[in-house]
Structure formats: C-alpha cells, structure tokens
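Asks: Quick one: the structure is below, questions incoming.
Numbering (full-length UniProt numbering), first residue to last: 1 to 415.
In structure tokens form, the structure reads like this:
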C-alpha cells in the first residue's frame, strides 16, 4: 500500500505524462511524496496509445544478455536500469494492474487484448488513488529566476515550487503527440549540454528513384529479403519501397548504423540479398539454365521467383551490362547495392536518438548541473529498435528516476 502524503511530505513535480513520467510518479507516490504531474497535451499517454494501434507490443521475451545488446552504444547504461526492472518485472507489474500478457511467435510480448487503452486506464486510476495530481494542458516553460517551475495553463501561467523535479519529456518524434523536443533549449539555457536529437527507427531517402519505378512500386513490400550494412550482421525481414526511398521494420532495425554512416560520409550503402534462402551458387546455377525463347524477365520469375518489386529493384539498381552477364547478375541478386542519402524528417520517426547524455547525470539520473532535477525516458541519449525495447527502457528509466529522486530527498533531509 502507498504511504499517505502529509503536509511535511516532499513535493515532487513530474513533467511529462508518458510511460517514464507515469512510472516515476508511481514510485514517488508509493513512498508518500506529494506528486503533481504535468503534461502539455489534453490527455496523458498519447504516444503510448498510438504505439498500441495494431497491437500493444509492451516488451520482448528475448534472453536478457541479447535484450541488453539491443541498446547498442548505450547497452551498459540501459543495462544497469534493466538489472533493477527488466522485461519480466515489467510483465509482473502489468499483471498487478489486472491485465494478462502473452508472448507472440516472434518473442514480442503483448497484453492479452492487444490494446494499450485498458492498461493506461487502469494505471491512471491507480495513480489517482495513490494521490497523484494529474494536470493536462499544462506546458512546462522552464524556471523562474527564483527556481520555481513555470507552467502554462489555460488559465494563465502558474509557478510551482517543488523539492525535486523529474523531467520525462520524450524525444523529438511525433510532435503532435507531445514529443516536440522543445525542452532541449530550456536545459541548454541552464548549462546542460544536450546531444542533438536525430531520427531513429526511421525511413531513408535515395538520391532519387526513376519516375517509372516510384510510380509503379511505391508502397510495395519487399520480402523476404536480407540487408547487410557495414559494421552490422546481415538481418532478414522485410521493408517497403516508398516514393522517395525505403522504410519498414528491417530498415528501422538498422537505422542507427545507416544514419551514422550518412552522418560520417554523406551517404550509406546497404546491400540487399533478394534471395536470402538461396546461396550465390544456387542462384548462379538457376540463371545458367537454358531459357530458350523466354525473356530474361520470365526466366528470373520461373527459375528464381524474382518478379514484381524485386525484379524492379534489379532493373533500377543495375546497368544493362549486368543483365547480359549471368555471373554479375547472380552477384547483384545476392548483394544489390542501394545508396541512401538522408533520413526522413525527425517528426516522422518512430523514436529519436540524442538527448541528455548519461555523462550529464549521476547514478540517480539527476542532472549534475541542476541538483534536484532528474531525467527519464526518451529524452535521455539512447535508442533501441522496435519490438518492445523502447517501452521497456522508458519504464525502467522512469522507475529509476523516481527512486533516485527519493534517495536524493532523503539525503537532503539527513543533511
């Protein structure tokens, strides 16, 4: 049972009503703090609800060592958070809300009804019962000279005096749902260095498809296919051709590596394996069979099943000479180079990289530059692929920031 706040209980403000902010509020309220949560949007958890459209993938059942490696360059930092609250702990927490979960065939974990709304409703009800004051249409504007929080409401600006503050403002994607990245300037004004926000789990543009290819194949899925990117093990899955480039789950999984190549060299070359289930020798052998009077297009379709968008990609990304040399054509089928020149805009991305560096935070996720101010969620400088990894780290970091604030407050009282 949560402790009951009293007049002497510390007052803590939580800015941001996504999973990280709500989890921080829960930890604080459970310890008896007076908690007020502020969110700029008309309702809470908007991005969380959107993530549940088509099936609420809450976490993943992958073994913990592999799970932690999904966080790439930030595996060590996120791994420490997951040691305290991992995928199993998150599932147990959801079950305590009265919602069952199941593991799908891909290892992804979902609520039994596949929906986000029932989970969010049960959670908000529990927070209200714990005494958390939830304020919507309340945008954080920074601090006054005296250190009070400036909150813009429909009734004018309000100043909030808090003993500690947890910032859980999200990244820079999906601005219409509240994650607009406006907080970066507010922290920089206070001397906090923030890594630039960049798109993650995003699509990419090519230098330019031909009008014919884009007109015929935009929106077409390419599957099965494998993609190789320098520095990454080849991955198999599917992607979608867009009017200006490529997007989809396989592209998203490799987006960090692709983006960094573009950042460093102005472009990224990925290699498409259009027949991942066949070896290069098998492809070459099939192509070398006599085709008689059949066209090469029909030969590709009958011998290898290459038609539609895969045949279109071959034509689009190779020259005429390649189609006259079956050895070169086999190589192209197994390693078709595709040049990507830029990521799609940040606001279109599923998530973002960049944000508050872990070096700017202490072990409690408190800003070294701003004692009493803690950070959580996607506003921290980390990224992860889709599949439940993003949400798991948001929950874990929100929990850590809430508990970190409690430890700091206890130290302040002891002093």
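For glycine and all other residues, C-beta sits at the position ideal for the given N, C-alpha and C. No experiment lies behind these values; they were computed from the predicted model shown.
What is the residue span of the beta strand (DSSP E) that residue 95 lies within?
Replies: Sequence index remark: in the chain shown, residue 95 carries index 95 (1-based). No beta strand (DSSP E) contains residue 95, which is instead part of the alpha helix (DSSP H) from 87-96.
Asks: According to DSSP, is residue 8 helix, strand or coil?
Replies: For this step, residue 8 is matched to residue 8 along the chain shown. Here residue 8 sits in coil by DSSP.
Asks: Find out if the Cβ-Cβ distance for the pair residue 365, residue 31 is shorter than 8 Å.
Replies: As a position in the chain shown, residue 365 is number 365, starting the count at 1. As a position in the chain shown, residue 31 is number 31, starting the count at 1. No, Cβ-Cβ distance for residue 365 and residue 31 is not below 8 Å.
Asks: Look at the Cβ atom of residue 137, then the Cβ atom of residue 154, and state whether they are nearer than 8 Å.
Replies: Taking the chain shown and counting its residues from 1, one reaches residue 137 at position 137. Taking the chain shown and counting its residues from 1, one reaches residue 154 at position 154. Cβ distance < 8 Å, so residue 137 and residue 154 count as in contact.
Asks: What separation, rounded to the nearest whole angstrom, lies between the Cα atoms of residue 426 and residue 190?
Replies: This structure cannot settle anything about residue 426, because the visible part of the chain is limited to 1 through 415.
Asks: Could you tell me whether the Cβ atoms of residue 350 and residue 333 are closer together than 8 Å?
Replies: Taking the first residue of the chain shown as position 1, residue 350 is located at position 350. Taking the first residue of the chain shown as position 1, residue 333 is located at position 333. Contact flag unset, no.
Asks: From the DSSP output, in three-state form, read off residue 231 for me.
Replies: Along the chain shown, read from residue 1 onward, the residue named residue 231 stands at position 231. Coil, per DSSP.
Asks: Tell me which residue opens and which closes the alpha helix (DSSP H) that residue 255 is part of.
Replies: Here residue 255 refers to the residue found at position 255 of the chain shown. That run of the alpha helix (DSSP H) goes 255-265.
Asks: Quick one: any contact between the segment 258-265 and the segment 308-323, if contact means 3 or more CB pairs under 8 Å?
Replies: No, the segment 258-265 does not touch the segment 308-323.
Asks: For residue 156, which residues does DSSP report across the bridge?
Replies: The residue you call residue 156 lines up with position 156 of the chain shown. Answer by DSSP bridge pairing, in chain order: 153.
Asks: Please classify residue 173 as buried or exposed, where buried requires at least 16 neighbouring CB atoms within 10 angstroms.
Replies: Taking the first residue of the chain shown as 1, we reach residue 173 at position 173. Buried is the call here.
Asks: Can you list, in chain order, the residues of its chain whose CB lies under 6 Å from that of residue 414, leaving out five sequence neighbours each side?
Replies: Taking the first residue of the chain shown as 1, we reach residue 414 at position 414. If we look at residue 414 and ignore the five residues flanking it on each side, it has no Cβ neighbours.
Asks: Taking 8 Å as the threshold (C-beta atoms), are residue 44 and residue 134 in contact?
Replies: What you label residue 134 is simply residue 134 of the chain shown in a count that begins at 1. What you label residue 44 is simply residue 44 of the chain shown in a count that begins at 1. Taking 8 Å as the Cβ cut-off, residue 134 and residue 44 qualify as a contacting pair.
Asks: Of the residues 247, 272, 161, which one's Cα is nearest the Cα of residue 337?
Replies: Translated into positions along the chain shown, residue 337 becomes position 337. Closest by alpha carbon: 272.
Asks: Can you pull the DSSP bridge partners for residue 110?
Replies: One-based indexing of the chain shown puts residue 110 at position 110. In the DSSP output, where bridge partners are listed per residue, residue 110 has 102.
Asks: Given that a residue counts as buried once 16 or more other Cβ atoms are within 10 Å of its Cβ, and exposed if not, what is residue 327?
Replies: Residue numbering aside, residue 327 sits at position 327 when the chain shown is read from its first letter. Its Cβ having fewer than 16 others within 10 Å, residue 327 is exposed.
Asks: Quick one: using the 10 Å Cβ neighbour count with 16 as the cut-off for buried, is residue 35 buried or exposed?
Replies: By one-based count along the chain shown, residue 35 stands at place 35. When all chains shown are included, residue 35 counts as buried.
Asks: Determine the DSSP secondary structure at residue 56, reduced to helix, strand or coil.
Replies: Translated into the one-based positions of the chain shown, residue 56 becomes position 56. Three-state DSSP puts residue 56 in coil, outside helix and strand.
Asks: Counting Cβ pairs closer than 8 Å, one from the segment 239-253 and one from the segment 204-223, do we hit at least three?
Replies: Judged by Cβ distances under 8 Å, the segment 239-253 makes contact with the segment 204-223, as three or more pairs qualify.
Asks: Tell me, please, which residues DSSP counts as bridged to residue 139.
Replies: As a first step, residue 139 must be located in the chain shown, where it is residue number 139. Answer by DSSP bridge pairing, in chain order: 152.
Asks: Per the DSSP calculation, residue 303 is bridged to which residue(s)?
Replies: Here residue 303 refers to the residue found at position 303 of the chain shown. Paired residue(s): none; residue 303 is not in a bridge.
Asks: In terms of alpha-carbon separation, which member of 267, 33, 194 lies closest to residue 356?
Replies: Your numbering for residue 356 matches position 356 in the chain shown. That would be 194, whose Cα lies nearest to the Cα of residue 356.
Asks: Does the Cβ-Cβ distance between residue 18 and residue 170 come in under 8 Å?
Replies: Locating residue 18 in the chain shown gives position 18, counting from the first residue. Locating residue 170 in the chain shown gives position 170, counting from the first residue. Yes, these two residues count as a Cβ contact at 8 Å.
Asks: Start and end of the alpha helix (DSSP H) containing residue 309?
Replies: Residue numbering aside, residue 309 sits at position 309 when the chain shown is read from its first letter. That run of the alpha helix (DSSP H) goes 308-317.
Asks: Just to confirm my understanding: we take residue 226, look at its own chain, exclude 5 residues before and 5 after, and list those with CB closer than 7 Å. What are they?
Replies: Here residue 226 refers to the residue found at position 226 when the chain shown is read from its first residue. Correct list, in chain order: 234, 235, 236, 273, 276.
Asks: Are residue 57 and residue 110 touching if we call contact CB-CB under 8 Å?
Replies: Translated into positions along the chain shown, residue 57 becomes position 57. Translated into positions along the chain shown, residue 110 becomes position 110. Yes, they are a contact pair.
Asks: Helix or strand or just coil, what does DSSP make of residue 343?
Replies: The residue labelled residue 343 in the question sits at position 343 within the chain shown. Strand.
Asks: What does a CB cutoff of less than 6 Å around residue 161 pick up in its chain, not counting 5 residues either side in sequence?
Replies: The residue labelled residue 161 in the question sits at position 161 within the chain shown. Excluding sequence neighbours, residue 161 sits near 148.
Asks: Would you mind stating whether residue 438 and residue 20 have Cβ atoms separated by less than 8 Å?
Replies: Outside the shown range of the chain, which is 1 to 415, sits residue 438, and nothing can be said about it.
Asks: Can you tell me which of the three DSSP states residue 43 falls into?
Replies: For the purposes of this step, residue 43 is identified with residue 43 of the chain shown, where counting begins at 1. Looking at residue 43 - three-state DSSP - the assignment turns out to be coil, as it is neither helix nor strand.
Asks: For residue 95, is the classification buried or exposed, using 16 other Cβ atoms within 10 angstroms of its Cβ as the cut-off for buried?
Replies: Sequence index remark: in the chain shown, residue 95 carries index 95 (1-based). Exposed: under 16 other Cβ atoms inside 10 Å.
Asks: Is it buried or exposed for residue 345, if we count other Cβ within 10 angstroms and need 16 for buried?
Replies: On the chain shown, residue 345 is found 345 positions in, with the first residue counted as 1. Residue 345 is exposed by the Cβ-count criterion.
Asks: Quick check: residue 402 and residue 24, are their CB atoms within less than 8 Å of each other?
Replies: In the chain shown, the residue the question calls residue 402 occupies position 402. In the chain shown, the residue the question calls residue 24 occupies position 24. Cβ atoms of residue 402 and residue 24: closer than 8 Å.
Asks: For residue 288, count neighbouring C-beta atoms within 10 Å of its own C-beta (all shown protein chains included) and say buried if the count is 16 or more, exposed if not.
Replies: On the chain shown, position 288 is the one that residue 288 refers to. Exposed is the call here.
Asks: With DSSP as the reference, label residue 124 as helix, strand or coil.
Replies: Sequence index remark: in the chain shown, residue 124 carries index 124 (1-based). Reduced to three states, the DSSP call for residue 124 is helix.
Asks: Classify residue 216 as helix, strand or coil using the three-state DSSP reduction.
Replies: Working through the chain shown from its first residue, we reach residue 216 at position 216. Helix, per DSSP.
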